[in-house]
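Colleague:
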Amino acid sequence: MATRREVLKALGALGAVGASTALSPLKAFGASNDTSGVASFTQPLNIPPVLTPTSTTSSTDYYDMQVLQTSASIIPGKSTPFIGYNGMTPGPTIKARVGRQAVVNVYNGLPATTLGGATGKIVTHLHGGHVPSASDGFPTDYVNPGSNRTYTYPNNQLPSTMWYHDHTMDVTGPHVWYGMAGFYLLTDSVEEALNLPSGAYEVPLVIQDRKFNTSGGLVYNKTMNGETGDVALVNGVVQPYFNVAKRKYRFRVLNGSNSRAYTLALSNGASFKVIGMEGGLLSAPVTVTSITLWPAERADIVIDFSGVAVGSNVTLRNTQVSSSSTVYNLMRFNCTSTATDTSTVPSTLRPLTRWTASQATVTRNFTLSGGMMGRNWTINGSTFNANTPIHSSKLNTIERWNFTNQSMLNHPIHVHGASFQILTVGGAAPAATHAGWKDVVVVPAGMGTASILVKFTDYTGKYVMHCHNLEHEDMAMMARFDVVA
Ligand SMILES: [Cu+2]
Numbered sequence: 003m004a005t006r007r008e009v010l011k012a013l014g015a016l017g018a019v020g021a022s023t024a025l026s027p028l029k030a031f032g033a034s035n036d037t038s039g040v041a042s043f044t045q046p047l048n049i050p051p052v053l054t055p056t057s058t059t060s061s062t063d064y065y066d067m068q069v070l071q072t073s074a075s076i077i078p079g080k081s082t083p084f085i086g087y088n089g090m091t092p093g094p095t096i097k098a099r100v101g102r103q104a105v106v107n108v109y110n111g112l113p114a115t116t117l118g119g120a121t122g123k124i125v126t127h128l129h130g131g132h133v134p135s136a137s138d139g140f141p142t143d144y145v146n147p148g149s150n151r152t153y154t155y156p157n158n159q160l161p162s163t164m165w166y167h168d169h170t171m172d173v174t175g176p177h178v179w180y181g182m183a184g185f186y187l188l189t190d191s192v193e194e195a196l197n198l199p200s201g202a203y204e205v206p207l208v209i210q211d212r213k214f215n216t217s218g219g220l221v222y223n224k225t226m227n228g229e230t231g232d233v234a235l236v237n238g239v240v241q242p243y244f245n246v247a248k249r250k251y252r253f254r255v256l257n258g259s260n261s262r263a264y265t266l267a268l269s270n271g272a273s274f275k276v277i278g279m280e281g282g283l284l285s286a287p288v289t290v291t292s293i294t295l296w297p298a299e300r301a302d303i304v305i306d307f308s309g310v311a312v313g314s315n316v317t318l319r320n321t322q323v324s325s326s327s328t329v330y331n332l333m334r335f336n337c338t339s340t341a342t343d344t345s346t347v348p349s350t351l352r353p354l355t356r357w358t359a360s361q362a363t364v365t366r367n368f369t370l371s372g373g374m375m376g377r378n379w380t381i382n383g384s385t386f387n388a389n390t391p392i393h394s395s396k397l398n399t400i401e402r403w404n405f406t407n408q409s410m411l412n413h414p415i416h417v418h419g420a421s422f423q424i425l426t427v428g429g430a431a432p433a434a435t436h437a438g439w440k441d442v443v444v445v446p447a448g449m450g451t452a453s454i455l456v457k458f459t460d461y462t463g464k465y466v467m468h469c470h471n472l473e474h475e476d477m478a479m480m481a482r483f484d485v486v487a
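Position in the sequence shown (from 1) plus 2 gives the number in this note's numbering.
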């Protein structure tokens, strides 16, 4: 169990947010007309604390985490019940190094039934992790309330922006909505030697939409299209502000929303550099003025504020929606100081060999369908079956997976066990930003197609692939596949 001190400390992290911001009955100018009622850009950005190992050996860092149902002052003056790793949402950030194993012991401190009426059974998945089957968080590898499970993460993979989140069969949507997600950042000496912005200038940002009732409670409904909210939160804070200096920052941006996609752009129209996505660094930075992230996608970006005057600000926007939407403005960067900047964004980041279609020795076809008249979502016509693999993939074999989306909604498909390369989306080669290692591919609606190349290595056993619209996942758009020797 978490000690009282740990819970109070966790609450303090969120409770301090906007503690001085009194909620007026009349919203202040710039107030967000959303169900939180919190005025935009009045709350400081929360940066989740880095989790300290409970012990360390020459090869391994050991961590303990407790999953707790607790509450925090996300809306000033109100108390929001949520589920948090160590009583926080987002949970604490795990910082790991390639070649050093992380062993994470997760204790389930939830009641038998938790928020939203969901079961208190949990499963923890390291999203993006190349890990043994037993540590992958298979959706029926339940950890019951009062029990714990130890997950081993070897970190024998490329450095990347990963995240851990709940993966319990049928209730991943509510569990994540109510708070069960956190960052897991993996690095190595090669990446460090690039001299990218680091330390206080390297900031993880998880974007999540939520909605609240008048008491401050989160409202969740399992909807066929996927649950969305009208309130934009970044790192658990409603439309926060972040004070920046006139220099470069590296932001590891995660779309941690259940089903909403965001197109990220800056209010000053400035370009920024995408240096990586889910599976790690691109071979070279790609300069863009916007990037779209579907659920579970990550963008590792560098924004240069050196051209922004001290005293002015830049808003991070979501241009997927109109400017009148309450989830148009996500957060604001207030330029408050000057700073020396010795960081660089090298023109080449990390060598990346693109596989070709001809290297695939196995081709598999998947149809994505369902969603009509309240029926479940399916892969190859089947709902999730935890006991029967849809196929078996051989170790060390490049496979081509072709997806066809027979439904009228996009499906961001996530594959466990290995990062992959996108061969085509809608028949075309991926954009340069999406041409590196990925673990989510968006298969466009209306008979849209996508093809990926994937190779499983090191570990045999059961894994899953699924839609990362979490309501689609909970409504069975998931398949077990096995990796065999
Ligand atoms: Cu879907």
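Here a beta-carbon is modelled for each residue, glycine too, at the ideal position from N, C-alpha and C. Computed from a predicted model, the values in this text were never measured in an experiment.
May I ask which residues mark the beginning and end of the beta strand (DSSP E) holding S453?
Modeller: Translated into positions along the sequence shown, residue 453 becomes position 451. Unbroken beta strand (DSSP E) run through S453: G450 to K457.
Colleague: For S26, collect the residues of the same chain with a Cβ closer than 8 Å to its Cβ; drop the 5 residues on either side in sequence, then sort them by chain order.
Modeller: Translated into the one-based positions of the sequence shown, residue 26 becomes position 24. Any answer about S26 is weak, because its pLDDT of 36 lies below 50 and its placement is not dependable; what the coordinates show is given next. There are no such residues.
Colleague: Measure from the alpha carbon of H470 to the alpha carbon of each residue in A433, V445, I415 and T230, then state which is nearest.
Modeller: In the sequence shown, counting from the first residue as 1, residue 470 sits at position 468. Ranking the options by Cα distance to H470, first place goes to I415.
Colleague: Taking Cβ to Cβ, would you say T72 is nearer than 8 Å to F84?
Modeller: For the purposes of this step, residue 72 is taken as the residue at position 70 of the sequence shown. For the purposes of this step, residue 84 is taken as the residue at position 82 of the sequence shown. Yes, Cβ-Cβ distance for T72 and F84 is below 8 Å.
Colleague: Near ligand 1, which residues have their beta-carbon less than 5 Å from any of its heavy atoms, given in chain order?
Modeller: Residues flagged by the Cβ proximity filter: H413, C469, N471 and H474.
Colleague: Considering just the uninterrupted stretch of the alpha helix (DSSP H) at V178, what are its terminal residues?
Modeller: Position 176 of the sequence shown, counted from the first residue, corresponds to residue 178. Segment T174 to W179, the alpha helix (DSSP H) holding V178.
Colleague: Measuring alpha carbon to alpha carbon, tell me which residue in T321, L188, G131 and V417 is nearest A481.
Modeller: Taking the first residue of the sequence shown as 1, we reach residue 481 at position 479. Closest by alpha carbon: V417.
Colleague: If distances are taken between C-alpha atoms only, which option among D66, M182 and T317 comes closest to L268?
Modeller: Counted from its first residue, the sequence shown places residue 268 at position 266. Answer by Cα proximity: T317.
Colleague: Alpha carbons only, please: which of T152, N407, D484 and M479 is nearest the one belonging to K420?
Modeller: Within the sequence shown, the letter at position 418 stands for residue 420. One point to set straight first is that residue 420 is Ala, not Lys, in the sequence displayed. Comparing Cα-Cα distances from A420 to each of T152, N407, D484 and M479, the minimum goes to D484.
Colleague: Alpha carbon to alpha carbon, what distance is there between N387 and V255?
Modeller: Within the sequence shown, the letter at position 253 stands for residue 255. Within the sequence shown, the letter at position 385 stands for residue 387. Taking the straight line joining both Cα atoms gives about 32 Å.
Colleague: For the alpha helix (DSSP H) that contains E193, what are its first and last residues?
Modeller: Along the sequence shown, one-based indexing puts residue 193 at 191. Per DSSP, E193 belongs to the alpha helix (DSSP H) from S191 to E194.
Colleague: Please give me, in chain order, every unbroken run of the beta strand (DSSP E) with length at least 3 that falls completely inside the segment 63-95.
Modeller: The segment 63-95 contains these whole beta strand (DSSP E) runs: 82-87.
Colleague: Once DSSP output is grouped into helix, strand and coil, what is the label at S26?
Modeller: Walking along the sequence shown from the start, residue 26 turns up at place 24. Residue placement at S26 is flagged as unreliable, the pLDDT there being 36, under the threshold of 50; the coordinate-derived value follows with that caveat. Coil, per DSSP.
Colleague: Within this structure, are the beta carbons of W179 and L220 separated by less than 8 Å?
Modeller: Within the sequence shown, the letter at position 177 stands for residue 179. Within the sequence shown, the letter at position 218 stands for residue 220. It is a contact, given that the beta carbons lie within the stated cut-off.
Colleague: Using DSSP bridges, identify the partner residues of R366.
Modeller: Start at 1 with the first residue of the sequence shown, and residue 366 comes out as number 364. Answer is W403, bridged to R366.
Colleague: Hey, could you find the ends of the beta strand (DSSP E) E204 is sitting in?
Modeller: In the sequence shown, counting from the first residue as 1, residue 204 sits at position 202. E204 to R212 is the extent of the beta strand (DSSP E) around E204.
Colleague: Assuming contact is defined by CB atoms lying nearer than 8 Å, are I277 and L397 in contact in what I supplied?
Modeller: Numbered from its first residue, the sequence shown carries residue 277 at position 275. Numbered from its first residue, the sequence shown carries residue 397 at position 395. No, these two residues do not count as a Cβ contact at 8 Å.
Colleague: Compare the C-alpha of I303 against each of P446, S162 and V125 and name the closest.
Modeller: Counted from its first residue, the sequence shown places residue 303 at position 301. Out of P446, S162 and V125, S162 has the C-alpha closest to the C-alpha of I303.
Colleague: So the candidates are I124, S453, V105 and T121; which of them puts its Cα closest to the Cα of G131?
Modeller: As a working mapping, residue 131 is identified with position 129 in the sequence shown. When only C-alpha atoms are compared, the closest one is V105.
Colleague: DSSP three-state call for A359: helix, strand or coil?
Modeller: Within the sequence shown, the letter at position 357 stands for residue 359. It is helical.
Colleague: Do the segment 367-382 and the segment 341-349 make contact, defined as three or more Cβ pairs closer than 8 Å?
Modeller: The segment 367-382 vs the segment 341-349: no contact.
Colleague: Taking the alpha-carbon of P242 as reference, which of F214, N367, V456 and M333 has the nearest alpha-carbon?
Modeller: As a working note, residue 242 is residue 240 in the sequence shown. The shortest Cα separation from P242 among F214, N367, V456 and M333 belongs to M333.
Colleague: State the DSSP-derived secondary structure class of G271, mapped to helix, strand or coil.
Modeller: Walking along the sequence shown from the start, residue 271 turns up at place 269. DSSP places G271 in coil when its eight states are reduced to three.
Colleague: Taking the straight line between their C-alpha atoms, what separation do you get for V145 and Y166?
Modeller: Within the sequence shown, residue 145 is the residue found at index 143, counting from 1. Within the sequence shown, residue 166 is the residue found at index 164, counting from 1. When rounded, the distance between both Cα atoms is 15 Å.
Colleague: Hey, how far is the Cα of A247 from the Cα of K224?
Modeller: Translated into the one-based positions of the sequence shown, residue 247 becomes position 245. Translated into the one-based positions of the sequence shown, residue 224 becomes position 222. For A247 and K224, the distance between alpha carbons rounds to 42 Å.
Colleague: With 16 as the cutoff for other CB atoms within 10 Å, does A183 come out buried or exposed?
Modeller: In the sequence shown, residue 183 corresponds to position 181, counting from 1. With 16 or more other Cβ atoms within 10 Å, it is buried.
Colleague: State the Cα-Cα distance for the pair A487 and V364, rounded to the nearest angstrom.
Modeller: The residue you call residue 487 lines up with position 485 of the sequence shown. The residue you call residue 364 lines up with position 362 of the sequence shown. Between A487 and V364, the C-alpha separation is close to 15 Å.
Colleague: Can you check DSSP and say which residues form a bridge with I415?
Modeller: Within the sequence shown, residue 415 is the residue found at index 413, counting from 1. Paired residue(s): V443 and C469.
Colleague: So the beta strand (DSSP E) N245 belongs to, where does it begin and stop?
Modeller: Sequence index remark: in the sequence shown, residue 245 carries index 243 (1-based). N245 -> beta strand (DSSP E) spans Y243 to K248.
Colleague: CA-CA distance, V444 and G450?
Modeller: Translated into the one-based positions of the sequence shown, residue 444 becomes position 442. Translated into the one-based positions of the sequence shown, residue 450 becomes position 448. So the alpha carbons of these two residues sit roughly 10 Å apart.
Colleague: Contact check, L455 vs L354 under 8 Å by CB: the rounded distance?
Modeller: Here residue 455 is taken as the residue at index 453 of the sequence shown, counted from 1. Here residue 354 is taken as the residue at index 352 of the sequence shown, counted from 1. Not confirmed; about 13 Å, so no contact.
Colleague: Excluding five sequence neighbours on each side, which residues of the same chain lie with their C-beta closer than 8 Å to the C-beta of Q408?
Modeller: Translated into the one-based positions of the sequence shown, residue 408 becomes position 406. Taken in chain order, the residues that qualify are T369, L370, S371 and M449.
Colleague: Give me, in chain order, the residues of the same chain whose beta-carbon lies closer than 8 Å to that of T426; leave out the 5 immediate sequence neighbours on both sides.
Modeller: On the sequence shown, residue 426 is found 424 positions in, with the first residue counted as 1. Once the five neighbours on either side are set aside, the close Cβ partners of T426 are P432, T451, A452 and S453.
Colleague: With DSSP collapsed to three states, give me the class of L318.
Modeller: Taking the sequence shown and counting its residues from 1, the one referred to as residue 318 is at position 316. Looking at L318 - three-state DSSP - the assignment turns out to be strand.
Colleague: Based on Cα-Cα distance, which residue from Y155, S349 and Q210 lies nearest to V133?
Modeller: Reading the sequence shown from its first residue, position 131 is the one you call residue 133. Considering only alpha carbons, the answer is Y155.
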